[in-house]
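Structure first, then comments.
Numbering (the numbering used here), first residue to last: 337 to 1019.
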C-alpha cells in the first residue's frame, strides 16, 4: 500500500513539473522603462533668489524675493522661515539634517536644525562664500571674500555647534577658495590674493594647515604658482593639488613644515579642469570643440577612469554648460540662440541618455548628487524632474481627446496672429495665423510652447484626460519707458532733448519733453542709456527695462517758473471792460507781452518773476499805466476814465471858416476897386 501511494506521489509531481513552465509562461509580464518625468511645476509671486537641494534630492530650500525661505521634503512644504537680503550661498549638510545660509541684512550666518527645529545665528564680518562640514557635523568652517579694499576684514571662522560658539581661526587678506576638514580634526585652507593682478595671473595660492582644537598653524605653503584647487584623496593624511597642467599628491610633513610629493599626473593632454563631482571624489576635465565635448573623469588615485564623448554641435552664440554628478552621470545644458526651447541631456553609464526640453527662460539648474532629481528654474517658476520607472502603456489603453488652444494678448485679451506653436510630444511646430488651433490627440502629458516676435515665450505642461480648451496669454516685450525731467528745485523742465541709446552705444530715438517735463519711448526688455540735454546742461543715465518703467532725471539747472497775472479792467461806473489791450514792459523798458481777453482767450498772462509797467488801452476810455510785481499768482483791478467830448471846439472852427471867407471877399473887393480906378484915369 505504501509503495502504491509513493508511486502516485511521484507521478503527480512529474505531471506538475511538466505543466509548471507552461503556466508561468502564460502569466502576463508587465514592461517598464526609465526616464525623467515632470513631478512638480510651480510659479511663485516673488523672484527666486536662490535654490538648493540636499545630496539625495529629498530636501529643497527656496529663497524668495519677499525675504521668505520655504523648505520642501519631496515637494511638500515642511518649514517656512525668514531670510533677509540677498542670498549668495546656501545648502544642506551632508546628512541633510542642517540647512545653512548667509543673509545680507543684517549679515549673519544661519544654521537651521531641521530635525530639532532649532535656529542658530552667528554674526560674521566677511562675505561668506565657502562652507565645509566636519564628518560628524559638529564643526562648520566658513571662508569669505573681499570685493574691494574697503570691504570688511576677511577671516576663516570655525563654528562649534555643540558649544553654540563661533571663533576666528585666521585673519586673511585674501579670498578663501576652498576649505577641507580631515578626520584628524585638521583644517586645510586654500586662499588667493584679492587685489594683486600679477598674483591672479600666475594663479598664486596659499595652502595652510590648522589644528581645529586651538587654531594653531601647523603648516604653510606660500605663493604656490599655477594652482587651481585642492582635494582630499582616499588617504586623508595626503593632499591633492590641482595645477593648470598637472595633478600632484602630497603628504604633509608637519615636523619639517612642508609638503612632500608622492605622485604626479600630467593633464596637458586631458583638457581643462572644470571641478569635482558632488561627493568630491572625482575630478573632471573638459576638452571642447565646435563638434563635440570630451569629458574625462579622474579618480583620487590620479587615474582616468571614464571618458565620454558628447556630440552636440556648438555655434558661437550657443550656451552650453556641462555638470558632473556622481556615478559618472553627466548633465549638459544646451541652448541655441533664437530657439524657443533649450534642452538638458543626461548621460548615464551604459550609453544611456535622456533629453529634457525646457523653456529658454529656464537657465538655472540644481540637481541631487546622483542627478536622480533635477530642478530647472527661472526668475519666478520652477520645474522638478524625477528619474523614475514607469509602466509601458499598451496601445489599446490609449484614449483620444480634443485639444484646443487659443493664444491671447495678455493686455487686452485679443487673439494674436502669426504665433509659433510647438507641441513637443506631437512633433508639431506651426504658425497660427489667427491664434487658434484644435486637434484630436492621444491622452497624455503635453508640453505646449508659444512664441512670437516681441512677446515672451510661454510654456505650459498639461495632462490631457478629456476634451480641453486652453487659453494662453502672452506678455509683450514692448514696454513703455517714461522719462520725467526736473531741475534742482523739482520743477518740470519742458523742451528738454532726451536721446535714447542701446547700452552698447547704438542710437535708437530722440524725443522732447512736454510742458510737464515728460516724454516716453516704446522699447524692448534690456539695458539702455539716456542722454538729456537742455541748453548747457547734459545728464547721462543708464536704465534697466524689465517692465513698464518710469524714471525721473534731474538736470543741474534751475528753471524759473512763470507767474500768472490776471487783470480786471473796469470803467468808472463799475462796468467790466472786455475790449481792452494790455502792454507789459519789463524793467528795461522792453515789451515782453501783449494781452487782450478777446484775442487771447485766456483769463490772464504768464510772466517771469519781476517788476513790470502795464499800459492798458480801451476804445472810449483814457489809457492808464500801472506798475505791478509778478512774484505769485495775483489779480489786479484797473479802473479807466471815459474820454470827454468838448462842444466849444466846434464853434471855434466855424469862426475860423467865416473869417477866412470874409478875408477872401475883402481882397476881391479891393482888387475890383483898384482896377476900376485905373480905367477912369486912362479915360
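Using N, Cα and C, we set each Cβ at its ideal position, and we do this for glycine too.
Just so you know, these numbers come straight off a predicted model, no measurement behind them.
- Within the DSSP bridge table, the entry for residue 574 names 587 as partners.
- In summary, residue 531 is exposed, with fewer than 16 beta-carbon neighbours lying within 10 Å of its beta-carbon over all protein chains present.
- Judged by DSSP secondary structure, residue 683 falls within the beta strand (DSSP E) whose first and last residues are 677-684.
- Considering only 618, 645, 735, the residue with the shortest C-alpha distance to residue 639 is 618.
- DSSP lists 785 as the bridge partner or partners of residue 795.
- If the five residues before and after residue 932 are omitted, its C-beta is found closer than 6 Å to the C-beta atoms of 917, all from its own chain and listed in chain order.
- Around residue 700, the same chain offers 713 as residues with beta carbons nearer than 6 Å, after the five sequence neighbours per side are excluded.
- For residue 534, no beta strand (DSSP E) segment is defined; the enclosing uninterrupted segment is the alpha helix (DSSP H) at 533-537.
- Residue range 933-936 is occupied by the alpha helix (DSSP H) that includes residue 934, with no beta strand (DSSP E) assigned at that position.
- Closest by C-alpha distance to residue 594, out of 446, 575, 765, is 575.
- Around the beta-carbon of residue 590, fewer than 16 other beta-carbon atoms lie within 10 Å, marking it exposed.
- Between the segment 767-783 and the segment 823-842 there are fewer than three C-beta pairs closer than 8 Å, too few to call the two in contact.
- In this structure residue 676 does not touch residue 760 by the C-beta definition: roughly 10 Å separates them, more than the 8 Å allowed.
- About 5 Å separates the beta carbon of residue 660 from that of residue 613, a gap short enough to meet the 8 Å contact definition.
- Where residue 865 is concerned, the enclosing beta strand (DSSP E) starts and stops at 862-870.
- Note that the segment 413-421 does not touch the segment 713-729; fewer than 3 beta-carbon pairs, one per stretch, sit closer than 8 Å.
- Around the beta carbon of residue 569, a 10 Å sphere encloses 16 or more other beta carbons of the protein chains shown; the residue is thus reported as buried.
- Within the DSSP secondary-structure output, residue 409 pairs in a beta bridge with 395, 412.
- Secondary structure of residue 568 (DSSP, three-state): coil.
- Scanning the segment 699-724 from its first residue to its last, the whole beta strand (DSSP E) runs of 3-plus residues come out as 700-703, 709-713.
- Here the C-alpha atom of residue 695 lies approximately 20 Å from the C-alpha atom of residue 752.
- Secondary structure remark: continuous beta strand (DSSP E) runs of at least 3 residues inside the segment 616-674, in chain order: 619-624, 629-634, 640-646, 655-660, 666-671.
- Residue nearest to residue 821 within the set 671, 799, 874, 780 is 874 (criterion: CA-CA distance).
- Cβ-Cβ separation between residue 819 and residue 866: approximately 6 Å, consistent with a contact (criterion under 8 Å).
- DSSP places residue 468 in the strand class (E or B) of the three-state scheme.
- Between the segment 867-887 and the segment 792-810, the count of Cβ pairs shorter than 8 Å is below three; the stretches do not touch.
- Taking C-beta atoms as the reference points, residue 885 and residue 815 count as a pair closer than 8 Å.
- A distance below 8 Å between beta-carbons, with the five flanking residues on each side excluded, links residue 942 to the following residues of its chain, in chain order: 898, 899, 900, 901.
- The C-beta of residue 389 has 16 or more other C-beta atoms within 10 Å across all chains shown, which makes the residue buried.
- For residue 955, the three-state secondary structure derived from DSSP is coil.
- When 890, 857, 523, 684 are compared, the shortest CA-CA separation from residue 662 is found for 684.
- As DSSP reads the structure, residue 875 sits in a beta bridge with 868.
- Within the same chain, and ignoring the five residues on either side of residue 541 in sequence, the residues whose Cβ sits closer than 6 Å to its Cβ are 526, 528, 560, 563.
- For residue 697, no beta strand (DSSP E) encloses it, and the DSSP letter there is neither H nor E.
- Boundaries of the beta strand (DSSP E) around residue 810: 804-810.
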